[in-house]
Every structure is written in C-alpha cells, then in structure tokens.
Amino acid sequence: MITYATICKTIAVFVLFCAINSNDAIAQTTKEADLTKATVEFKSLRYNSTIKELSPILKADTGNIKAQEMIAYSYKMTKNY
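So in our numbering, spot 37 of the sequence shown is number 38, and the numbers just go up one at a time.
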C-alpha cells in the first residue's frame, strides 16, 4: 500500500535530484561561455585579454587542453615567457 508519506518522500527526492543536476548544468554553461569569450578574444588577436579570460578557467580546470594551448600561444605573442 502506497502511503501519503511515501509519495511525499519520493517527490522530495526527485526535486532534490533535479535541483542538483540543474546547478551542474548552469555551472557547465558558465564555463562554456567563459571559454567562448576567451576564444573570441584569441581569434581577435587580443592576447592580453585572452590571458585574463583563461587564467580563472585554467585554475578551475587544469586539464583543459584547448585553454592551455591558447594561453601558451598568448604568452608567446606578448613575449611574456
């Protein structure tokens, strides 16, 4: 027999699950937007701005190869070895 308490617990777990997943999606979208902005700066040859945009991205995700390559080239182009 399904009780009212069981239904409430199930709904609460579902709502909590949805809330956790939506926060991850928002964080991922923000990271992608930041990387997109850095890519635009890089393609526009604004290397100092690229470095500024990529630094926090690489602090959060040190394994991001695309960001590593862009920041390395940006440092090279600004002669900041």
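Note that the Cβ used here is the ideal one computed from N, Cα and C, for glycine as well.
Predicted model, so just to flag it, every value in this text is computed and none were measured.
Check: Thr51 burial status per 10 Å Cβ neighbour count (16 or more: buried); Outcome: buried
Check: Span separating the alpha-carbon of Asn81 from that of Thr37; Outcome: 23 Å
Check: Alpha carbon of Asn65 to alpha carbon of Ile12, nearest angstrom; Outcome: 37 Å
Check: Ser75 in three-state terms, based on DSSP; Outcome: helix
Check: Alpha-carbon spacing of Tyr76 relative to Tyr48, whole angstroms; Outcome: 7 Å
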